[in-house]
Amino acid sequence: MSKIMEKAEPAESQREDDIGRYTRAIPLYMAESVHYWNDYAANCYVQVAEGAGPVVSGVEVDGNTLFDIVPPATKYFVTGEVGCSGEGDQAQWRISLSLWNCTTRTRQTVENGSAGKAELGALVLDLQQRLLAGIGLKREQPLDVFYRQPDAEVLPVYLTQLGQSFMLTLLANDHLPKSSMWGERAMLEWPLNMALQWPEIETAKLMYLSGLGKAFDYKSETVAEHKQRSLQVLSELERANSPASRLAPLIWKGFGMQAELQDYRANVSLDAEPAYIEWLERVSQS
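Under the numbering used here, think of the first position of the sequence shown as 2, with each following residue one higher.
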C-alpha cells in the first residue's frame with residue numbers, strides 16, 4: 002500500500018507513524034484473512050530499504066506493471082493506498098484497495114471508503130469482506146478452529162500489533178539496526194495487553210510469544226525483564242489448553258531453561274504433527 006498525499010512531500014527518513022504502519026498492517030491483515038477464510042495461499046509484499054526500514058510511497062503501484070512480475074501461479078493481487086487528514090479524534094481516514102485479476106490481466110474492482118477514527122475498524126472489516134467476495138472460495142469456518150476474527154472495536158489495536166510485529170521481524174532478520182528501534186518495550190508488551198483485555202483472541206497470545214522469539218533472535222537487552230511474566234503467561238495458557246502453549250519450547254530456549262526444554266522433548270506426544278516435531282528440533286538446536 003502507498004500513502005495518499007495531501008500535498009507534495011520530499012523524500013525523507015522518519016520514525017514510524019500511523020499512516021506508515023497501516024500501509025503495512027492492512028496488507029498483512031488482508032493476507033491473514035485470505036489464509037484463514039479462503040483456499041488460496043497468501044503472500045504480502047513490503048518494500049524495505051536495507052538498513053533503513055520500510056518504504057512508504059506516495060503513489061499507488063499500477064497493477065498493470067505487476068502482472069509479469071508476480072509468481073506465475075498468482076490468481077489475484079491487491080494494491081492500495083491509505084491516507085489521513087486531521088488529528089486525534091477528528092482524524093478522517095481514507096482507504097482504497099484495488100483487486101487485480103491475473104487471468105484476465107485487468108483491475109477487477111476497486112473497493113474504497115472513508116471513516117473517522119472510531120469507525121476505522123468497521124471500514125477495514127467492510128473492505129475485507131468485499132475483497133474476499135471478489136476472489137471467492139470462501140470458507141464457512143476458519144482454517145484453524147481457534148482463530149477468531151477481531152471485531153471492529155479491536156481491529157485498530159490488532160492492526161497496530163501487526164505493524165509492530167513486522168518491525169520486530171525486520172530487526173530479527175538483520176534488515177534493521179537496533180539503533181533504529183523505538184518503543185521496543187511497548188512493542189513486546191502490546192499483544193499481551195491486548196490478550197488481557199480480549200482473552201478470546203488467541204492470536205494475540207501467539208503474537209506475544211512470537212514477539213519474544215524475535216527479541217531472542219536479535220538479542221534484545223530488555224527481554225530478560227519479561228521472563229517472570231512470560232512464564233506466568235505460559236502457565237495460564239497450559240491450564241486453558243490454549244494453542245499458544247505449544248510455543249513454550251521457544252520461551253524456555255530463549256530464557257536458557259534447558260531442563261524444561263529437554264524434558265518436553267523427551268515426552269512430546271507420539272501423535273504430534275511432523276511439522277511440529279521438526280520445529281521443536283530446530284528450536285532445541287538453535
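Idealized CB from N, CA, C, for every residue including glycine.
{"Asked": "Using the Cα positions of Ile278 and Asp264, report the straight-line distance between them to the nearest angstrom.", "Found": "14 Å"}
{"Asked": "Kindly indicate which three-state DSSP category Ala276 falls into: helix, strand or coil?", "Found": "helix"}
{"Asked": "Specify the secondary structure class of Phe256 as computed by DSSP and reduced to three states.", "Found": "coil"}
{"Asked": "Quick check on the DSSP output: what are the complete alpha helix (DSSP H) runs of length 4 or more inside the segment 173-213, in order along the chain?", "Found": "185-198"}
{"Asked": "Grouping DSSP H, G and I as helix and E and B as strand, with all else coil, what is Gln286?", "Found": "helix"}
{"Asked": "Which residues does DSSP pair with Leu160 in a beta bridge?", "Found": "In DSSP, Leu160 forms no bridge with anything."}
{"Asked": "Whose C-alpha, out of Glu88, Arg186, Gly84 and Glu61, is nearest the C-alpha of Trp290?", "Found": "Within the shown structure, residues of the chain are numbered from 2 to 287, placing residue 290 beyond reach of any answer."}
{"Asked": "Could you tell me the distance, in whole angstroms, from the CA atom of Ser99 to the CA atom of Tyr30?", "Found": "15 Å"}
{"Asked": "Mind reading off the beta-carbon distance from Ser231 to Leu213? Whole number of angstroms is fine, and I expect it under 8 Å.", "Found": "6 Å"}
{"Asked": "So which of Asn39, Gly21 and Leu238 has the shortest CA-CA distance to Gly137?", "Found": "Asn39"}
{"Asked": "So, helix, strand or coil for Gln229, using DSSP?", "Found": "helix"}
{"Asked": "Can you tell me which residues form a DSSP beta bridge with Asn39?", "Found": "Lys139"}
{"Asked": "Would you check if the segment 12-25 and the segment 46-58 touch, i.e. whether three or more CB-CB distances between them fall below 8 Å?", "Found": "yes"}
{"Asked": "Going along the chain, which residues of its own chain have a beta-carbon closer than 7 Å to the beta-carbon of Thr24, five neighbours each way excluded?", "Found": "Met2, Ser3, Lys4, Val57 and Val83"}
{"Asked": "Just to confirm, is the Cβ distance from Gly64 to Thr75 under 8 Å?", "Found": "no"}
{"Asked": "Kindly list the residues whose CB is nearer than 7 Å to the CB of Gly87, restricted to its own chain and excluding five residues on each side of it in sequence; keep chain order.", "Found": "Gln93"}
{"Asked": "Got a sec? Which residues, its chain only, sit under 6 Å from Ala123 by beta carbon, not counting five neighbours each side?", "Found": "Ala153"}
{"Asked": "Kindly indicate the opening and closing residues of the beta strand (DSSP E) around Tyr77.", "Found": "Tyr77 to Ser86"}
{"Asked": "Measuring CA to CA, which of Pro178, Lys228 and Leu238 is closest to Leu189?", "Found": "Lys228"}
{"Asked": "Taking the straight line between their C-alpha atoms, what separation do you get for Asn44 and Phe68?", "Found": "15 Å"}
{"Asked": "Take Ala225 as the anchor and find which of Asn194, Glu185, Ser34 and Val146 has the nearest alpha-carbon.", "Found": "Glu185"}
{"Asked": "On the criterion of 16 or more Cβ atoms from any shown chain inside 10 Å, does Arg22 qualify as buried, or is it exposed?", "Found": "buried"}
{"Asked": "Give the straight-line distance between the Cα atoms of Thr110 and Arg266, rounded to the nearest whole angstrom.", "Found": "50 Å"}
{"Asked": "Counting C-beta neighbours from all protein chains within 10 Å, is the total for Trp183 16 or more, i.e. buried, or is it exposed?", "Found": "exposed"}
{"Asked": "What three-state label does DSSP hand Pro55 in the structure shown?", "Found": "strand"}
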